Structures are given as structure tokens and as C-alpha cells.
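Numbering (this note's numbering), first residue to last: 250 to 415.
Heads up, the beta-carbon is just placed ideally off N, CA and C, and yes, glycines get one too.
Being a predicted model, the structure only gives us computed values, none of them experimental.
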């Protein structure tokens, strides 16, 4: 009788663990992902065309699950401003072997949907935006703006554009 009760208690415990930490939302064991709260902003100036570019990123990851995500990127000159903005309310986390994947669709890579991949290499977190200007239901960018990928040093929480020297 005691063995049967212990067996039920153990199975209840395992069931609760799966409810709290669904396996499809946790990073693959082969991927070492960033954990914690990360915030950075990056401001660059293009004197030739008189534009100022601003990018902010806010990410909170707990046990492989994104709890907070927001990003704003803008380009402004006197009398002209364009921007993109997105946050977790428009996204959901789906399984990925490449890192943490946030999408507006039901799965990654769907036509007309936005995918954001968060990955880690060495001491850097890379956030890549794919097709995130707009979806069938949401507009994330003003007509003449677009997303740039952002890399963040995890230790210093300083951002840079990975495709440019900063």
C-alpha cells in the first residue's frame, strides 16, 4: 500500500514538473543559452545623411523560456523618423534546435510571419529578425524602416550591429 502511494506521489510530482517546464519550450541540451535579464541600447550617427539610429533590446530568459522581450529600432533626422517595435505580446516561443525561437506564426518559417532567433556564441547573445516588418495581422515597422540584427555582450550588456564594425 505504501509503495502504491509513493508511486502516485512520484507520478504527480513528475506531472507537475512537466506542467511548469514544458519540454518543448526549454532549450535543447546541446545548446548553451543565455540566462537572466539583458538590456542594452545602441546609438549611432550617420553624419553624411544626418541620421541618428537607435536600437533598444530587453530580454529576460528563465530556464530557457523567454519571460520578457521587446525591441525598438529607429532612424531619425530633422523632420523625418521611421521605426520598428515588437514585444512578447505579439510572439510565442516554439521549439528550435538553433536557440530560442520566437514567432508570430504557429511554427517557424511560415510565409508572412515574423521569426526572431536568440542564440548564444561565446559571451555574446545574437538576436536575428526575419520577416518582421509586418505580418498578415500586425505592422511592426513604419513604411521606410526595417530590422537590423543585434548582438549583445552578455557580461557588459553592450550592443552592436553584427554586420557592422562599431
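Look at residue i and residue j and say whether their C-beta atoms are less than 7 Å apart.
{"i": "residue 335", "j": "residue 320", "result": "yes"}
{"i": "residue 290", "j": "residue 301", "result": "no"}
{"i": "residue 404", "j": "residue 372", "result": "yes"}
{"i": "residue 322", "j": "residue 333", "result": "yes"}
{"i": "residue 400", "j": "residue 375", "result": "yes"}
{"i": "residue 340", "j": "residue 351", "result": "yes"}
{"i": "residue 292", "j": "residue 303", "result": "yes"}
{"i": "residue 409", "j": "residue 331", "result": "no"}
Count the other CB atoms within 10 Å of the CB of residue i; is the residue buried (16 or more) or exposed (fewer)?
{"i": "residue 347", "result": "exposed"}
{"i": "residue 369", "result": "buried"}
{"i": "residue 353", "result": "buried"}
{"i": "residue 298", "result": "exposed"}
{"i": "residue 318", "result": "buried"}
{"i": "residue 378", "result": "buried"}
{"i": "residue 327", "result": "exposed"}
{"i": "residue 364", "result": "buried"}
{"i": "residue 362", "result": "buried"}
{"i": "residue 271", "result": "Since pLDDT at residue 271 reaches only 42, below the 50 mark, its modelled position is unreliable, and the value read off the structure follows with that caveat. Exposed: under 16 other Cβ atoms inside 10 Å."}
{"i": "residue 287", "result": "buried"}
For residue i, which residues does DSSP report across the bridge?
{"i": "residue 390", "result": "333"}
{"i": "residue 289", "result": "306"}
{"i": "residue 384", "result": "Per DSSP, none; premise fails for residue 384."}
{"i": "residue 402", "result": "373"}
{"i": "residue 408", "result": "401"}
{"i": "residue 379", "result": "364"}
{"i": "residue 352", "result": "341 and 364"}
{"i": "residue 357", "result": "Looking at the DSSP assignment, residue 357 forms no beta bridge with any residue, so it has no partner."}
{"i": "residue 317", "result": "309"}
{"i": "residue 237", "result": "It is not possible to answer for residue 237, since the shown part of the chain is limited to 250 through 415."}
Taking 7 Å as the CB-CB cut-off, is residue i touching chain C?
{"i": "residue 293", "result": "Looking for chain C here will not work: only one protein chain is present."}
| field | Three or more C-beta pairs below 8 Å linking the region 379-389 and the region 294-310 | value | no
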